[in-house]
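The structure appears below as structure tokens.
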Amino acid sequence: MYIDTYIAILLWIFAIFGFIYFIVRLFSDLYRAYYKHGYFSVIITAKNQQNVIEGIVRGFMLKTEAEGNKDGLINIVLVDAGSSDDTSKIMKRLADEHCCVKFVRHGDLCSFLDHMIGGQK
Numbered sequence: 004m005y006i007d008t009y010i011a012i013l014l015w016i017f018a019i020f021g022f023i024y025f026i027v028r029l030f031s032d033l034y035r036a037y038y039k040h041g042y043f044s045v046i047i048t049a050k051n052q053q054n055v056i057e058g059i060v061r062g063f064m065l066k067t068e069a070e071g072n073k074d075g076l077i078n079i080v081l082v083d084a085g086s087s088d089d090t091s092k093i094m095k096r097l098a099d100e101h102c103c104v105k106f107v108r109h110g111d112l113c114s115f116l117d118h119m120i121g122g123q124k
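Quick note: the sequence shown, position 73, residue 76 per the numbering used here, numbers continuous.
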């Protein structure tokens, strides 16, 4: 008789623990989905686009509110594909002005992506 009571109490304890654990996980996932956004990077490759590159980058930053974002949730990677005009100078200036913008030359893209994805130690 006592064993049945102990087993029932033990099962109720496990059920209550499971329910509380489920509620805590549910609210933590909802909190993360509502208040936190995923990290992402945008890679923009351009060649001889000095007339439009700054407008594209600034427009993207306005749409994603990247400029005031202190958490670094977004990175804009500008890749110069061997431009013969002032595209690379404009990209470099944008990277110097904004913390979320990175400038990479075409030949350095692979090593930069390795560093960004997981080569950091």
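No residue lacks a Cβ here, since even glycine has one placed at the ideal position from N, Cα and C.
Close-in-space but distant-in-sequence residues of the same chain around S87 (CB under 8 angstroms, 5 per side omitted): Only N51 meet the Cβ criterion.
What is the DSSP secondary structure of V60, reduced to helix, strand or coil? Here V60 sits in helix by DSSP.
Tell me which residues share the same chain as R108 and place their Cβ nearer than 6 angstroms to its Cβ, disregarding the 5 neighbours each side in the sequence. For R108, where only same-chain residues beyond five positions count, the Cβ hits under 6 angstroms are D83.
May I ask which residues mark the beginning and end of the beta strand (DSSP E) holding K105? It spans V104 to R108 - the beta strand (DSSP E) in which K105 sits, taken as one unbroken run.
Would you report the Cα separation of K95 and F106, rounded to the nearest angstrom? K95 and F106 have their C-alpha atoms spaced approximately 6 angstroms apart.
Below 8 angstroms between beta carbons: does that hold for I47 and L81? Contact: yes.
Can you tell which of S44, G21 and T90 has its C-alpha closest to the C-alpha of F115? The option with the nearest alpha carbon to F115 is S44.
Could you please give me the residues that DSSP links to A49 through a beta bridge? Its beta-bridge partners are D83.
Could you tell me the alpha carbon to alpha carbon distance between V27 and R35, rounded to whole angstroms? Here the alpha carbon of V27 sits roughly 12 angstroms from the alpha carbon of R35.
Let's test the definition: count the other Cβ atoms within 10 Å of the Cβ of A49 and tell me whether it reaches 16, buried, or not, exposed. Taking every protein chain shown into account, the CB of A49 has 16 or more other CB atoms within 10 angstroms, so this residue is buried.
Could you check whether Q53 and D111 sit closer than 8 angstroms to each other, using their CB atoms as the reference points? The Cβ atoms of D111 and Q53 do not sit closer than 8 angstroms to each other.
Cβ distance (whole Å) where I56 is taken to contact I93 below 8 angstroms: Sure, about 6 angstroms apart at Cβ, within 8 angstroms.
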